[in-house]
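Structure first, then comments.
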Amino acid sequence: MPPELPRKLHDSVLFREAALSHLDSLHRFAIHLSRNTELASELVQETYLQALRSEHTFDRSLKHIRPWLFKILNNAYRQHFRRQSRGGPTQTLTDAHEDAAAANAALLPVNSRLEDLNWDQIDEELKHAIDALPDTLRTVFLLFAVEDLKYREIADVEGIPAGTVMSRLSRARQLLMQTLALNSSGSRSKPIRSA
Amino acid sequence: MSNRPSQSELIAYIDGALAPEKRAAVEKEIAADRQLRHQLRQLIKLRSTARKAVRDSTDPVPDALRARIEAMLQVEVQKPVAKPRTQVVSKPVKRNSPWIYPMWRPALVAGLAACIAIGVWVGLPSLNDPLNPSAVTLPRTIARTIVQDASRAGLPAELVSVVQARHLKCVMMGNNFEDPKFSHILADVGPAVRQYLGDSVAIPDLSSINLDFAGVGPCQVDGGKTLHWLFRNPSNPKIHVSVFVQPFSGQVAFDQNSAFVIAGPNAQFPMLVWRDDKFVYYLIGDDFGATSQTATKLGVSFGI
Numbered sequence: 001m002p003p004e005l006p007r008k009l010h011d012s013v014l015f016r017e018a019a020l021s022h023l024d025s026l027h028r029f030a031i032h033l034s035r036n037t038e039l040a041s042e043l044v045q046e047t048y049l050q051a052l053r054s055e056h057t058f059d060r061s062l063k064h065i066r067p068w069l070f071k072i073l074n075n076a077y078r079q080h081f082r083r084q085s086r087g088g089p090t091q092t093l094t095d096a097h098e099d100a101a102a103a104n105a106a107l108l109p110v111n112s113r114l115e116d117l118n119w120d121q122i123d124e125e126l127k128h129a130i131d132a133l134p135d136t137l138r139t140v141f142l143l144f145a146v147e148d149l150k151y152r153e154i155a156d157v158e159g160i161p162a163g164t165v166m167s168r169l170s171r172a173r174q175l176l177m178q179t180l181a182l183n184s185s186g187s188r189s190k191p192i193r194s195a
Numbered sequence: 196m197s198n199r200p201s202q203s204e205l206i207a208y209i210d211g212a213l214a215p216e217k218r219a220a221v222e223k224e225i226a227a228d229r230q231l232r233h234q235l236r237q238l239i240k241l242r243s244t245a246r247k248a249v250r251d252s253t254d255p256v257p258d259a260l261r262a263r264i265e266a267m268l269q270v271e272v273q274k275p276v277a278k279p280r281t282q283v284v285s286k287p288v289k290r291n292s293p294w295i296y297p298m299w300r301p302a303l304v305a306g307l308a309a310c311i312a313i314g315v316w317v318g319l320p321s322l323n324d325p326l327n328p329s330a331v332t333l334p335r336t337i338a339r340t341i342v343q344d345a346s347r348a349g350l351p352a353e354l355v356s357v358v359q360a361r362h363l364k365c366v367m368m369g370n371n372f373e374d375p376k377f378s379h380i381l382a383d384v385g386p387a388v389r390q391y392l393g394d395s396v397a398i399p400d401l402s403s404i405n406l407d408f409a410g411v412g413p414c415q416v417d418g419g420k421t422l423h424w425l426f427r428n429p430s431n432p433k434i435h436v437s438v439f440v441q442p443f444s445g446q447v448a449f450d451q452n453s454a455f456v457i458a459g460p461n462a463q464f465p466m467l468v469w470r471d472d473k474f475v476y477y478l479i480g481d482d483f484g485a486t487s488q489t490a491t492k493l494g495v496s497f498g499i
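Going down the list, the sequences are from chains A and V. If you're matching positions, the first sequence starts at 1 in our numbering and goes up one per residue. If you're matching positions, the second sequence starts at 196 in our numbering and goes up one per residue.
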């Protein structure tokens with residue numbers, strides 16, 4: 001048998017094992033990205049199909065397979081909405097919009113209202129607040145806080161500079177803090193969306 | 196002039212994204228400012244709580260999706276070596292085999308009306324090898340017609356890839372053989388085999404054909420019990436032979452009196468499938484000579 005074939009097959013088996021190990025994370029990300037379980041399943045399936053098609057191009061060390069899979073999924077999500085020609089994802093913010101939202105958030109005296117917050121009892125509230133974040137902020141926040149990707153990896157997934165990742169993360173956190181602060185002070189705010 | 200870090204700087208500090216000198220400056224400010232420390236705690240808590248909230252609230256991957264993805268990853272490890280030459284639907288294949296994943300369509304695996312089977316009558320082979328004394332049943336060595344066209348077995352073409360993938364995985368990636376219930380001595384595996392499969396089956400010692408027993412253990416496939424015996428050529432580590440055994444429960448609707456050549460002598464991984472009234476046997480190797488000799492030991496043949 002040709003000596004290179006077993007090596008290729010070996011790499012292929014390793015690649016598939018590694019890809020499968022990220023299924024739970026990809027599915028979770030797809031659900032919170034799309035907020036639609038059916039679409040999430042489609043996106044995950046599409047991600048694996050595309051990954052298999054590009055398998056031969058992938059770095060044999062498999063070091064970056066996790067962010068690579070997230071990137072495919074994120075692109076599939078964007079393409080899904082592009083194909084539907086109904087505009088982008090539920091909400092696409094420009095940097096200007098994000099700045100405005102962040103500025104509003106910064107005006108609020110967040111810290112004082114978080115004094116009495118019981119962090120053990122806000123899971124549901126926080127989850128809703130995350131779901132209500134603008135898409136661009138939610139994506140970055142989920143990749144960082146939930147899926148443990150690094151700034152550089154998120155920048156690659158999103159196709160933006162690392163500095164923009166940092167600023168989006170900062171804005172996402174400010175908005176979440178603001179929502180929690182408002183809720184903890186008893187005033188149920190409407191979900192915070194872009195300005 | 197205040198050097199108090201901004202919230203962005205504080206966040207970058209938490210995330211470990213500050214340059215060393217900036218980090219030192221922020222640490223100095225934090226040490227001196229109680230309010231900053233409180234803000235820092237809140238930001239750290241936000242991340243850990245968000246992580247927990249999202250992870251805890253997300254439903255697990257649906258079984259159907261997981262099965263589709265696993266099938267996708269399994270069946271494409273290598274394109275089938277032996278494909279049906281035509282596809283004519285006869286009857287659907289039952290899907291209770293662990294090899295058969297939900298995405299496989301019966302239409303792809305139907306029998307072949309125009310195929311030409313080469314029937315070779317194989318005499319009863321003798322099994323002179325030392326056998327497992329604790330096992331009571333050998334693979335039934337009945338006379339079988341050797342069918343060279345796999346499509347006549349009603350087996351999915353993709354099955355070839357799945358079995359290859361399992362064989363390769365165990366050969367190259369370590370093993371299914373760490374279950375302490377299964378001895379690493381062939382003669383001692385009988386009780387564990389019987390307990391796992393629900394009946395006795397023994398695979399003969401193959402050392403006389405230069406194949407050492409490498410291990411036996413449950414094969415990690417969904418939906419059914421399968422045991423995998425692996426043999427290795429001690430003088431050529433590239434040559435392995437695998438025998439997979441599944442309890443027969445009607446999952447492969449093919450003739451008990453035939454053995455089916457799924458991949459022949461020219462294939463990279465020659466493969467035979469047959470069954471008796473209790474088990475289905477899948478034999479695969481990465482060398483035709485070793486696989487063919489093993490087949491003979493098991494009472495079947497490639498018909499060549």
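Cβ coordinates follow ideal geometry from the N, Cα and C atoms, glycine included.
- Query: Do you know offhand how far V/Q451's Cα is from V/G480's?
  - Reply: As a first step, residue 451 of chain V must be located in the second sequence, where it is residue number 256. As a first step, residue 480 of chain V must be located in the second sequence, where it is residue number 285. Each residue's Cα considered, the two are about 22 Å apart.
- Cβ of A/Q178 within 8 Å of any chain B Cβ: Structure shown: chain B not included; protein chains present are A and V.
- Are the C-beta atoms of A/H56 and some chain V residue less than 8 Å apart? By one-based count along the first sequence, residue 56 of chain A stands at place 56. Closer than 8 Å: no.
- Excluding five sequence neighbours on each side, which residues of the same chain lie with their C-beta closer than 7 Å to the C-beta of A/A162? For the purposes of this step, residue 162 of chain A is taken as residue 162 along the first sequence, with counting starting at 1. Only Y151, R152, A155 meet the Cβ criterion.
- Message: For V/W469 and A/T57, what's the separation of their Cα atoms in angstroms?
- Response: Indexing the second sequence from 1 puts residue 469 of chain V at position 274. Indexing the first sequence from 1 puts residue 57 of chain A at position 57. Approximately 39 Å between the Cα atoms of the pair.
- Message: Between A/D156 and chain V, is the shortest Cβ-Cβ distance under 8 Å, so that the two count as touching?
- Response: Taking the first sequence and counting its residues from 1, the one referred to as residue 156 of chain A is at position 156. No - not a single Cβ of chain V is within 8 Å of the one on A/D156.
- Query: Where does V/A397 fall in DSSP's three states?
  - Reply: Along the second sequence, read from residue 1 onward, the residue named residue 397 of chain V stands at position 202. Residue state, collapsed to three classes: coil.
- Query: Based on Cα-Cα distance, which residue from A/A30, A/F15, A/E38, A/Q178 lies nearest to A/D59?
  - Reply: Translated into the one-based positions of the first sequence, residue 59 of chain A becomes position 59. When only C-alpha atoms are compared, the closest one is A/F15.
- Query: Should V/R229 be flagged as near chain A, meaning a C-beta pair shorter than 8 Å?
  - Reply: Stepping through the second sequence from its first residue, residue 229 of chain V is reached at position 34. With 8 Å as the cut-off, V/R229 does not count as an interface residue toward chain A.
- Task: Identify, in the order they occur along the chain, each residue of the same chain with its Cβ nearer than 8 Å to the Cβ of A/I31, setting aside the five sequence neighbours on each side.
- Result: Translated into the one-based positions of the first sequence, residue 31 of chain A becomes position 31. Same-chain partners within the cutoff: T37, A40.
- Message: I'd like to know if A/K127 contacts chain V, where contact means its C-beta is closer than 8 Å to some C-beta of that chain.
- Response: Counting from 1 along the first sequence, the entry for residue 127 of chain A is found at position 127. Yes - at least one Cβ of chain V is within 8 Å of the one on A/K127.
- Query: Where does V/V495 fall in DSSP's three states?
  - Reply: By 1-based counting over the second sequence, the position of residue 495 of chain V is 300. Three-state DSSP puts V/V495 in coil, outside helix and strand.
- Task: Kindly say whether A/V140, judged by its beta-carbon, lies nearer than 8 Å to any beta-carbon of chain V.
- Result: As a working mapping, residue 140 of chain A is identified with position 140 in the first sequence. So, not an interface residue.
- Answer yes if the region 433–447 of chain V comes into contact with the region 460–479 of chain V, meaning at least three C-beta pairs across the two stretches below 8 Å, and no otherwise. yes
- Any C-beta of chain V under 8 Å from that of A/A18: Here residue 18 of chain A refers to the residue found at position 18 of the first sequence. For A/A18, the answer is no, since every Cβ of chain V falls outside 8 Å of its Cβ.
- Task: Name, please, each residue of chain A whose Cβ falls closer than 7 Å to the Cβ of V/K183.
- Result: Past the boundaries of the shown model lies residue 183 of chain V; chain V is included only from 196 to 499, so the question cannot be answered.
- Beta carbon of A/N180, beta carbon of A/I122: below 8 Å? For the purposes of this step, residue 180 of chain A is taken as the residue at position 180 of the first sequence. For the purposes of this step, residue 122 of chain A is taken as the residue at position 122 of the first sequence. Correcting the residue identity first, residue 180 of chain A is Leu in this sequence and not Asn. In this structure, A/I122 lies closer than 8 Å to A/L180 by Cβ.
- Task: Go ahead and label V/A409 buried or exposed: buried means 16 or more other beta carbons lie within 10 angstroms of its beta carbon, across all protein chains shown.
- Result: Here residue 409 of chain V refers to the residue found at position 214 when the second sequence is read from its first residue. With 16 or more Cβ atoms within 10 Å of its Cβ, V/A409 is classed as buried.
- Are the region 226–233 of chain V and the region 243–252 of chain V touching, with three or more C-beta to C-beta distances below 8 Å? no
- Query: Between V/D374 and the rest of its own chain, which residues show a CB-CB distance below 7 Å, the 5 nearest in sequence each way excluded?
  - Reply: Position 179 of the second sequence, counting from 1, holds the residue named residue 374 of chain V. Same-chain partners within the cutoff: G412, P413.
- Distance CB(A/L133)-CB(A/F144) smaller than 8 Å: Residue mapping note: residue 133 of chain A aligns to position 133 of the first sequence, counting from 1. Residue mapping note: residue 144 of chain A aligns to position 144 of the first sequence, counting from 1. No, they are not a contact pair.
- Message: If the criterion is Cβ atoms closer than 8 Å, does the pair A/K71 and A/V146 meet it?
- Response: Here residue 71 of chain A refers to the residue found at position 71 of the first sequence. Here residue 146 of chain A refers to the residue found at position 146 of the first sequence. Contact flag unset, no.
- Task: Find the residues of chain V that neighbour A/Q174, judging by a C-beta separation of less than 8 Å, and give them in chain order.
- Result: In the first sequence, counting from the first residue as 1, residue 174 of chain A sits at position 174. Here the neighbours are Q202.
- Does the beta-carbon distance from A/T139 to A/N74 come in below 8 Å? On the first sequence, position 139 is the one that residue 139 of chain A refers to. On the first sequence, position 74 is the one that residue 74 of chain A refers to. Cβ atoms of A/T139 and A/N74: closer than 8 Å.
- Task: With 8 Å as the threshold, decide whether the Cβ of A/I192 is near any Cβ in chain V.
- Result: Indexing the first sequence from 1 puts residue 192 of chain A at position 192. With a pLDDT of only 42 at A/I192, under 50, the local geometry of the prediction cannot be trusted, and the value read off the model is given with reservation. Residue-level contact check: A/I192 does not touch chain V, since none of the beta carbons of chain V fall below 8 Å from its beta carbon.
- Message: So with CB distances below 7 Å, who are the chain A contacts of V/K247?
- Response: Mapped onto the second sequence, residue 247 of chain V falls at position 52. Ordered by position in chain A, the residues that pass the 7 Å Cβ test against V/K247 are D123.
- Task: Output yes or no for whether 8 Å exceeds the beta carbon distance between V/S378 and V/A387.
- Result: Taking the second sequence and counting its residues from 1, the one referred to as residue 378 of chain V is at position 183. Taking the second sequence and counting its residues from 1, the one referred to as residue 387 of chain V is at position 192. One thing to note: V/S378 has its Cβ within 8 Å of the Cβ of V/A387.
- Any beta-carbon of chain V closer than 8 Å to the one on A/I72? Position 72 of the first sequence, counted from the start, is the residue given in the question as residue 72 of chain A. Interface residue (Cβ-Cβ distance to chain V less than 8 Å): A/I72 is not classified as such.
- Message: Would V/P465 and V/F426 qualify as a contact pair, given that the criterion is a beta-carbon distance under 8 Å?
- Response: Residue numbering aside, residue 465 of chain V sits at position 270 when the second sequence is read from its first letter. Residue numbering aside, residue 426 of chain V sits at position 231 when the second sequence is read from its first letter. Not in contact: V/P465 and V/F426 (Cβ atoms no closer than 8 Å).
- Query: What residues match up with V/S444 in a beta bridge as DSSP calls it?
  - Reply: Locating residue 444 of chain V in the second sequence gives position 249, counting from the first residue. DSSP, once it has assigned bridges, lists no residue as partnering V/S444.
- Item | Whole-Å CB distance - V/L467 paired with V/A485, under 8 Å assumed | As a working note, residue 467 of chain V is residue 272 in the second sequence. As a working note, residue 485 of chain V is residue 290 in the second sequence. Rounded, the Cβ-Cβ distance is 13 Å, inconsistent with contact.
- DSSP three-state call for A/A19: helix, strand or coil? For the purposes of this step, residue 19 of chain A is identified with residue 19 of the first sequence, where counting begins at 1. A/A19 carries a helical assignment under DSSP once its states are collapsed to helix, strand and coil.
- Task: Within its chain, find whatever has a CB closer than 8 Å to the CB of V/R199; leave out the 5 residues flanking it on each side and keep chain order.
- Result: Along the second sequence, one-based indexing puts residue 199 of chain V at 4. Sequence-distant partners of V/R199 (beyond 5 residues in either direction) whose C-beta falls short of 8 Å from its own C-beta, in its chain, are E224, D228, L231.
- Query: In whole angstroms, what separates the C-alpha of A/I172 from that of A/L137?
  - Reply: In the first sequence, the residue the question calls residue 172 of chain A occupies position 172. In the first sequence, the residue the question calls residue 137 of chain A occupies position 137. Inspection of the sequence shows that residue 172 of chain A is occupied by Ala rather than by Ile. Distance between the alpha carbons of A/A172 and A/L137: 5 Å.
- alpha helix (DSSP H) segment containing A/H243, residue limits: This structure cannot settle anything about residue 243 of chain A, because the visible part of chain A is limited to 1 through 195.
- Answer yes or no: do V/L205 and V/L238 have a C-beta to C-beta separation smaller than 8 Å? In the second sequence, counting from the first residue as 1, residue 205 of chain V sits at position 10. In the second sequence, counting from the first residue as 1, residue 238 of chain V sits at position 43. Yes, Cβ-Cβ distance for V/L205 and V/L238 is below 8 Å.
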